[in-house]
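Note that the numbering used here gives residue 61 to position 61 of the sequence shown, counting from 1, and the numbers run on in steps of one.
Notes to accompany the following structure.
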Amino acid sequence: MNVVTHIHELKELIQQHQRKQHSIGFVPTMGFLHEGHLTLAKEARDHNDIVVMSIFVNPLQFGPNEDFESYPRDMNRDQRLAEEAGVDILFTPDVKEMYQGEPSITMTVQKRADVLCGKKRPGHFDGVVTVLTKLFHLIEPTKVYFGLKDAQQVAVIEALIQDFFFDLHLVAVPTVREADGLAKSSRNVYLSERERQEAPALYKALKQGEVAVEKGERDPKRIYQLIEKELLQTSGEIDYIDIYSYPELEPLQHLTGKVILAVAVKFSKARLIDNVIFHVPESGEKLV
Ligand code: PAF
């Protein structure tokens, strides 16, 4: 595995592979790798000639009161895990390399950003699309891999790729779950024993919503109530329960087309998020 910190070294390696017409699978990360990232790397490994991973804690996507400084970092461990996962090039720039002085141009996400988790993080997705635009230009990937646990991020990046004609394919990888359904997350370790037992309620509630739709329910209010009832049985505080079209993330009066049911619940030391995305047939259309 090549570990590079400078853009010129990265470009040189990328050009060598481009000359050989290698397909490039790209996994952008902020490091402190966990099973979710490694699943993305494995997918990339299985479907491309080479795998590039970036590790860059992007200051632009953190708000003034967020944890940029204290965001967990462990480069030695990450390098070992990336190598074991079959990464060929690990790009680990510092902030000066990616942001050379005050920007002359900034990017603003106009749609899909001010709902779900983005509601309380103004500017977050502006920072995400800015850094990804830079990384996509540097790496010119064939395919780029993201986890569907951050379904809003996937929706915003789909818009970025479409609006700016990036010639790459986004692969959205399903959420990796524990045996009891809890979505894997580095934050799960912050749950108390009791909270850990309650936490699978998020996925259970979402699945109940999905099953109700399969049985013919089309009223978002009814689905909301079902999900709420299940979540109220936990000791966590419901942050949001939302139902939107996907990937547009627009409210629906009547469920139809591709939809997302998404929840966020605050436990004492961890805020958990989860979602399910599925297709709702037009009335009369057969369920498959
Ligand atoms: O999902 C993340 O870790 C980050 O938002 C990303 C996509 C690497 C951009 O900094």
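All C-beta atoms in this analysis are idealised placements derived from N, C-alpha and C, irrespective of residue type, glycine included.
What is the DSSP secondary structure of residue i, counted as helix, strand or coil?
{"i": "His279", "result": "strand"}
{"i": "Tyr246", "result": "coil"}
{"i": "Thr29", "result": "strand"}
{"i": "Met1", "result": "coil"}
{"i": "Ile50", "result": "strand"}
{"i": "Val109", "result": "coil"}
{"i": "Tyr224", "result": "helix"}
{"i": "Leu38", "result": "helix"}
{"i": "Val259", "result": "strand"}
{"i": "Lys96", "result": "helix"}
{"i": "Ala172", "result": "strand"}
{"i": "Pro64", "result": "coil"}
{"i": "Val57", "result": "coil"}
{"i": "Tyr71", "result": "coil"}
{"i": "Ala201", "result": "helix"}
{"i": "Phe125", "result": "helix"}
{"i": "Arg45", "result": "helix"}
{"i": "Asp78", "result": "helix"}
{"i": "Arg218", "result": "coil"}
{"i": "Phe136", "result": "helix"}
Does the beta carbon of residue i come closer than 8 Å to any beta carbon on chain C?
{"i": "Glu178", "result": "No chain C is part of this structure, which consists of one protein chain only."}
Which whole-angstrom value is the C-beta distance of residue i and residue j, which I expect to be below 8 Å?
{"i": "His169", "j": "Thr133", "result": "Wrong, their Cβ atoms sit about 17 Å apart, outside the cutoff."}
{"i": "Glu230", "j": "Ala201", "result": "6 Å"}
{"i": "Lys184", "j": "Val173", "result": "12 Å between Cβ atoms; not a contact."}
{"i": "Ser186", "j": "Phe62", "result": "That pair is no contact at about 16 Å."}
{"i": "Val280", "j": "Val259", "result": "6 Å"}
{"i": "Val115", "j": "Leu249", "result": "5 Å"}
{"i": "Glu210", "j": "Leu252", "result": "Incorrect: roughly 15 Å between the Cβ atoms, too far for contact."}
Distance, Cα to Cα, residue i vs residue j?
{"i": "His254", "j": "Glu217", "result": "9 Å"}
{"i": "Glu69", "j": "Val171", "result": "30 Å"}
{"i": "Leu40", "j": "Asp219", "result": "35 Å"}
{"i": "Asp274", "j": "Phe91", "result": "29 Å"}
{"i": "Lys20", "j": "Lys11", "result": "14 Å"}
{"i": "Arg45", "j": "Gly25", "result": "7 Å"}
{"i": "Met1", "j": "Val131", "result": "23 Å"}
{"i": "Ala151", "j": "Arg112", "result": "11 Å"}
{"i": "Ser235", "j": "Ile139", "result": "45 Å"}
{"i": "Val27", "j": "His34", "result": "13 Å"}
{"i": "Arg121", "j": "Leu272", "result": "16 Å"}
{"i": "Thr108", "j": "Lys221", "result": "32 Å"}
{"i": "Phe165", "j": "Val144", "result": "14 Å"}
{"i": "Val189", "j": "Lys269", "result": "9 Å"}
{"i": "Arg196", "j": "Asp67", "result": "24 Å"}
{"i": "Gly36", "j": "Glu178", "result": "12 Å"}
{"i": "His8", "j": "Asp126", "result": "25 Å"}
{"i": "Asn65", "j": "Thr106", "result": "21 Å"}
{"i": "Pro72", "j": "Glu282", "result": "45 Å"}
{"i": "Gln162", "j": "Gln110", "result": "14 Å"}
{"i": "Tyr182", "j": "Ala159", "result": "Reading off the sequence shown, one finds Leu at residue 182, where the question assumed Tyr. Computed Cα separation, rounded: 29 Å."}
{"i": "Glu84", "j": "His17", "result": "21 Å"}
Please identify the residue among the options whose C-alpha is closest to the C-alpha of residue i.
{"i": "Tyr58", "options": "Gly123, Tyr224, Ala82 and Leu81", "result": "Contrary to the premise, residue 58 reads as Asn rather than Tyr in this sequence. Residue Gly123 is the option with its Cα nearest to Asn58."}
{"i": "His47", "options": "Leu182, Val129 and Gly86", "result": "Gly86"}
{"i": "Glu43", "options": "Pro93, Arg112, Val3 and Phe146", "result": "Phe146"}
{"i": "Thr29", "options": "Phe56, Tyr224 and Ser268", "result": "Phe56"}
{"i": "Ile241", "options": "Glu66, Tyr203 and Arg77", "result": "Tyr203"}
{"i": "Ile14", "options": "Leu38, Pro64 and Val51", "result": "Val51"}
{"i": "Gln233", "options": "Val265, Val144, Leu81 and Leu135", "result": "Val265"}
{"i": "Val276", "options": "His17, Glu282 and Pro247", "result": "Pro247"}
{"i": "Leu226", "options": "Tyr190, Leu206, Ala179 and Asp239", "result": "Leu206"}
{"i": "Leu289", "options": "Glu9, Asp78 and Gln18", "result": "Coverage of the chain is limited to positions 1 through 288, which leaves residue 289 absent and any answer about it impossible."}
{"i": "His22", "options": "Thr256, Asp49, Tyr244 and Leu81", "result": "Asp49"}
{"i": "Glu237", "options": "Leu160, Glu228, Met75 and Val95", "result": "Glu228"}
{"i": "Ser192", "options": "Leu182, Phe267 and Tyr224", "result": "Phe267"}
Assign residue i to one of two classes, buried (16 or more other C-beta atoms within 10 Å of its C-beta) or exposed (fewer than that).
{"i": "Glu214", "result": "exposed"}
{"i": "His137", "result": "exposed"}
{"i": "Lys149", "result": "buried"}
{"i": "Pro93", "result": "buried"}
{"i": "Val156", "result": "buried"}
{"i": "Thr5", "result": "exposed"}
{"i": "Val129", "result": "buried"}
{"i": "Gly101", "result": "exposed"}
{"i": "Val288", "result": "Bear in mind that the predicted position of Val288 carries a pLDDT of just 46, short of 50, making it too unreliable to give a figure here."}
{"i": "Asp180", "result": "exposed"}
{"i": "Ser54", "result": "buried"}
{"i": "Asp88", "result": "buried"}
{"i": "Met98", "result": "buried"}
{"i": "Gly257", "result": "exposed"}
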